[in-house]
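Enquirer:
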Amino acid sequence: MSNLEGLPPEITRNRILDSRQASEFIGLSLPHFRRLYRARKVPSPILIGERKLGWRAGDLAAWLDAKSSEYSHVTA
């Protein structure tokens, strides 16, 4: 994702990621990301082609932030 460095935040947030890129962005394996998608536990994708789905980087980042705050009360 280093090619996003230096871009304005509004462009970075709206960047569309395919499923492989989205799974890498949030740090999960592609099969696990797909399981979460089928279970509707990740943000909804947008249709970017006849059979191609994409996720906005900003939606994924917001989802990660929400997940991290959800577990911030858990202590080791």
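The working numbering numbers the first residue of the sequence shown as 21 and each following residue consecutively.
Think of the CB as a built atom: it goes at the ideal place given N, C-alpha and C, for glycine as much as any other residue.
Going straight from the alpha carbon of tryptophan 75 to that of tyrosine 91, what length do you get?
Expert: Straight-line Cα distance between these residues: approximately 23 Å.
Enquirer: Between proline 51 and chain D, is the shortest Cβ-Cβ distance under 9 Å, so that the two count as touching?
Expert: Although the question refers to chain D, the structure presented lacks it and comprises just one protein chain.
Enquirer: Grouping DSSP H, G and I as helix and E and B as strand, with all else coil, what is glycine 69?
Expert: Coil, per DSSP.
Enquirer: Ordered along the chain, which non-local residues of its own chain (more than five positions away) have a Cβ less than 8 Å from that of leucine 80?
Expert: These residues qualify, in order along the chain: Leu37, Ala42, Phe45, Ile46, Val62 and Pro63.
Enquirer: Mapping DSSP to helix, strand and coil, what is leucine 48?
Expert: Correct three-state label for leucine 48: coil.
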